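Counting in UniProt numbering, the sequence shown runs from 1 upward without gaps.
Written below as structure tokens is the structure these notes are about.
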Amino acid sequence: MTAKRWIAIIAASILLIVSIGVNTLSYFFTRDFSGFLDEMAATDGYSENIIEAGRGKDKIAVLTLDGVIQDLGNVSPFLPVGYNHGFFMNQLHEIYEDPFVKGVVLSVNSPGGGVVESADIYDAIRMIQEDKEIPVYVSMGGMAASGGYYVSAPAEKIFVNHETITGSIGVIMESINFAKLAEKYGVDFNTIKTGPYKDIMSSSREMTAEEREMLQEMINDSYERFVDIIVEGRGMSDAAVRKVADGRIMNGRQAIEAGLADDYGKVGDVISAIQEDHELQNATVFEYTMNESLSSLFGMKLTSMFANQRIENELLGKLLSDYSAPRMMYLYGNH
1 MTAKRWIAII AASILLIVSI GVNTLSYFFT RDFSGFLDEM AATDGYSENI IEAGRGKDKI
61 AVLTLDGVIQ DLGNVSPFLP VGYNHGFFMN QLHEIYEDPF VKGVVLSVNS PGGGVVESAD
121 IYDAIRMIQE DKEIPVYVSM GGMAASGGYY VSAPAEKIFV NHETITGSIG VIMESINFAK
181 LAEKYGVDFN TIKTGPYKDI MSSSREMTAE EREMLQEMIN DSYERFVDII VEGRGMSDAA
241 VRKVADGRIM NGRQAIEAGL ADDYGKVGDV ISAIQEDHEL QNATVFEYTM NESLSSLFGM
301 KLTSMFANQR IENELLGKLL SDYSAPRMMY LYGNH
């Protein structure tokens, strides 16, 4: 077992012990102050933060997608705040159910992420557009690449900055092979499996040509869906999309020239554009915020007790994520 894996296991164990301690304290306080906590729990949920007050009932929702698109489940309060897939999907559901939302501005700053999570967002956006006839405009920040572009593609209009990094259209799947290193140091791997492909992409042996072909077929299927989504969303020809769908990244100017974006503009400009295009000048502009429960506030207090805790947590998160099973990703950057 490598030193890196030992570090990850030890760190995970420490995190588990601390989490158990927090849950124990939470239980204790619940028993002693149940009435107070029940009142706190009643306010735990979502609220609308007004960005620009309007007249009448019409509303424009501003959503922010910031970070790697991945579903981490119930995130520990000790980990740094980042993209929360459950919260983001809930926001899309709230928009779908709210009869007064007449426009959506999606601010994207993401290198992409999982193919499944990206598809979740895409499907929800399409339902909002098709079933509710609500226009969706996208404002790309510093990066909206791979899965970040995937979820942006169905938008009626896409705005970029000159320095935006976008593109990276494609699919990737990676694993690390330690076989030769292990052989050099006399490390043996004992693998018991039920079929020849059960340990496909294993770190302990070379991949066979047949296995590579199987995985390439999967990758190709996801790639074709990515291309089709851009063809449909941008109204481009298949050939025009494939010309730039080779994994290359582009800046804002190149994206506009390639037909992947429409114009320059930041979030404020995009809000103004959707107001003008759809006669929503009197609409209230708002964003969803997650109400803080006592447990989340307690976690924040504990986190502040440790020096450089955010840096350590980010390192821990990367160490732990490195040992997830290999999976297909719409992702640009460090894999």
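For every residue, glycine included, the Cβ atom is placed at its ideal position computed from N, Cα and C.
Please read all numbers here as calculations on a predicted model, not as lab measurements.
Start and end residues, alpha helix (DSSP H) containing residue 228: 209-234
Three CB pairs or more closer than 8 Å across the segment 270-288 and the segment 172-182: no
Residue 232 beta carbon less than 9 Å from that of residue 154: yes
Start-end ranges of the alpha helix (DSSP H) lying completely within the segment 97-136, minimum 4 residues: 115-132
Three-way DSSP call (helix, strand, coil) for residue 167 in this model: strand
Assigned secondary structure, residue 272 (DSSP; H/G/I helix, E/B strand, else coil): helix
Residue 230 and residue 169 closer than 9 Å at C-beta: Yes, they are a contact pair.
Limits of the unbroken beta strand (DSSP E) element including residue 283: No beta strand (DSSP E) holds residue 283; DSSP gives it neither H nor E.
Local Cβ density within 10 Å of residue 85, reported as buried at 16 or more and exposed below that: buried
Exposure of residue 239, with buried meaning 16 or more beta-carbon neighbours within 10 Å: By the 10 Å Cβ count, residue 239 comes out exposed.
Collapsed DSSP secondary structure at residue 141 in the structure displayed: strand
Whether residue 54 touches residue 270 by CB criterion (9 Å): no
Nearest-angstrom Cα separation, counted from residue 61 out to residue 52: 11 Å
Cβ pair count under 8 Å reaching 3, the segment 107-124 against the segment 139-152: A contact between stretches requires three or more CB pairs, one per stretch, nearer than 8 Å, and the segment 107-124 meets this requirement with the segment 139-152.
Segment limits, beta strand (DSSP E) that includes residue 257: It is not in any beta strand (DSSP E) - residue 257 instead sits in the alpha helix (DSSP H) that spans 252-258.
Beta-carbon proximity of residue 219 to residue 211, cut-off 9 Å: no
Cβ pair residue 134, residue 260 closer than 9 Å: The answer is no: Cβ separation not under 9 Å.
Bounding residues of the alpha helix (DSSP H) (the contiguous stretch that carries residue 361): One cannot answer for residue 361 here, as it falls past the ends of the chain, which runs 1 to 335.
Proximity below 9 Å, CB of residue 256 to CB of residue 160: yes
Rounded separation between residue 116 and residue 156 - CA only: 23 Å
Which of helix, strand or coil DSSP assigns to residue 330: strand
C-alpha distance - residue 228 paired with residue 124, whole-angstrom precision: 17 Å
Neighbour-count burial assignment, residue 289, 16 or more Cβ in a 10 Å radius: Residue 289 comes out exposed.
Short CB-CB distance (under 9 Å) between residue 265 and chain B: Here there is only one protein chain, and chain B is not present.
Of the listed residues 241, 63, 222, nearest to residue 141 (C-alpha basis): 63
Reduced DSSP category for residue 59 - H, G, I as helix; E, B as strand; rest coil: Of the three classes helix, strand and coil, the one that applies to residue 59 here is strand, per DSSP.
Of the listed residues 121, 327, 253, 101, nearest to residue 216 (C-alpha basis): 327
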